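Notes for the one structure printed next.
Numbering (the numbering used here), first residue to last: 123 to 525.
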């Protein structure tokens, strides 16, 4: 039976665990305070090329993935990091397609260095804010992976390594518990059976932030939201204030600041919001605002999503990685691998105090080596003969079961 390799999208300290479970915990960087975050952003900001590459990926992937006809919450940075980890283990045309989708040159060391800087930066913890990116690798015991690949993920992606026995039912619980811990219990992915798995790689993102100016709860009241499937009643928050107002043609919006960033809301009456996401100048648009007095009514919301990302990534140009005959992930393992599925689970809640959200991105890749013989199905559901012998072969009983 073929064994699966799962690369799931969410320094070593050896921790003794239960049988079939050994953890090499990554030595991760310490969370930044708000002042440390701002100082690091000032002194060592991400390269403009990296920010532009991720923004381009976010625009193309979100416009391809989101329909604009349902409630959606997708994390492009989580998927970008997961694909970056896969990319550092790819070679040949497979690597060129993944790096091209990431808008990066084929250079594993440079990509890992850029992502390491982002992981250091997006690690904030204050009384009112928390942003945390986490990575982990779950490998079947005694299955070899290339040392350079594991070392790069551990040191630059700060990925913890877990050596497990996927046949043990407890392994799934360990994985779910790890994701839940990294996401403040917001996400517990439903993994398929992993009896044949070799490796699972998980990227998670947890985000919690407070409005710089909170909404007053007494000003929240129900009102009508004109959804694509008809009118519904939602609780609307209200605030009258000078805000960063955005207006370009029929598109208008507002930028609300949080302790560590901002949230931009855009709308165009009578138009599917997907058309806004497809705008070539989306990021120029959201940075073109003026201070205006705004009487804002914004609905509270909370929902979760599950996205199958395979079709979208094929549309963006990642083809060979999903083909068992063409995939080249030879910088990952000596076993021939390909990606069989890739998905993301997410959650978001927005209310008077701020926002809490999380995502876990999972990439599953089976080996493309010729499978072993399928197990023979043998059912004794018709008349049969039986023989009972001792260890020497003496026939103690011979019989049949015919009725």
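Every residue gets a Cβ at the ideal spot worked out from N, C-alpha and C, and that includes glycine. Just so it is clear, the structure is predicted and the values come from calculations on it, not from any experiment.
In terms of DSSP beta bridges, what is residue i paired with?
i	result
residue 348	353
residue 421	358
residue 193	Beta-bridge pairing links residue 193 to no other residue.
residue 246	154 and 253
residue 484	324 and 465
residue 365	414
residue 405	Per DSSP, none; premise fails for residue 405.
residue 479	329 and 470
residue 370	373
residue 429	466
residue 339	Looking at the DSSP assignment, residue 339 forms no beta bridge with any residue, so it has no partner.
Can you say whether residue i is buried or exposed, counting buried as having 16 or more other CB atoms within 10 angstroms of its CB?
i	result
residue 500	At residue 500 the pLDDT is 45, less than 50, meaning the model places this residue with poor confidence and gives no usable figure here.
residue 361	buried
residue 478	buried
residue 454	buried
residue 417	exposed
residue 359	buried
residue 237	buried
residue 223	buried
residue 263	exposed
residue 160	exposed
residue 482	buried
residue 346	exposed
residue 371	exposed
residue 504	Per-residue confidence for residue 504 stands at a pLDDT of 47, beneath the threshold of 50, marking its modelled position as unreliable; the derived number appears in the next sentence. Residue 504 comes out exposed.
residue 257	buried
residue 311	buried
residue 254	buried
residue 274	buried
residue 211	buried
residue 245	buried
residue 301	buried
residue 183	buried
residue 279	buried
residue 375	buried
residue 526	The structure shown does not extend to residue 526, since the chain is modelled only from 123 through 525, so no value can be given for it.
residue 232	exposed
residue 197	buried
Among the options, which residue has its Cα nearest to the Cα of residue i?
i	options	result
residue 199	299, 290, 326 and 234	326
residue 382	252, 178 and 314	252
residue 188	476, 406 and 466	466
residue 226	173, 460, 276 and 312	173
residue 334	476, 456 and 210	476
residue 181	378, 376 and 438	438
residue 166	201, 242 and 296	242
residue 528	171, 147 and 178	Since the first residue shown for the chain is 123 and the last is 525, residue 528 is missing from the structure and cannot be characterised.
residue 201	349, 228 and 464	464
residue 337	461, 380 and 300	380
residue 422	285, 301, 323 and 342	342
residue 209	229, 356 and 430	229
residue 289	317, 351, 194 and 196	317
residue 287	274, 277, 300 and 322	322
residue 195	468, 474 and 485	468
residue 284	450, 175, 260 and 339	260
residue 339	157, 484, 474 and 144	474
residue 170	193, 147 and 239	239
residue 291	303, 314, 304 and 452	314
In the DSSP assignment, the beta strand (DSSP E) including residue i goes from what residue to what residue?
i	result
residue 474	Residue 474 -> no beta strand (DSSP E), and no H or E assigned at all.
residue 276	Not the beta strand (DSSP E): residue 276 falls in the alpha helix (DSSP H), residues 269-277.
residue 376	373-379
residue 260	252-262
residue 327	321-332
residue 389	384-389
residue 284	281-286
Along the alpha helix (DSSP H) that carries residue i, what are the first and last residues, could you check?
i	result
residue 205	198-209
residue 292	291-304
residue 185	170-187
residue 82	Any property of residue 82 remains undetermined from this structure, which presents the chain solely from 123 to 525.
residue 218	214-223
residue 435	432-438
residue 316	Looking at the DSSP string, residue 316 is not in any alpha helix (DSSP H), and its letter there is neither H nor E.
residue 395	395-399
Examine the Cβ distances between the region 438-451 and the region 215-229 and report whether three or more of them are shorter than 8 Å.
yes
Check whether the region 147-156 touches the region 410-421, taking contact to mean three or more Cβ pairs, one atom from each stretch, closer than 8 Å.
no
Kindly confirm or deny that the region 293-313 and the region 263-277 touch, where touching means at least three C-beta pairs closer than 8 Å.
no
Report yes or no: do three or more beta-carbon pairs, one from the region 390-399 and one from the region 422-433, lie closer than 8 Å?
no
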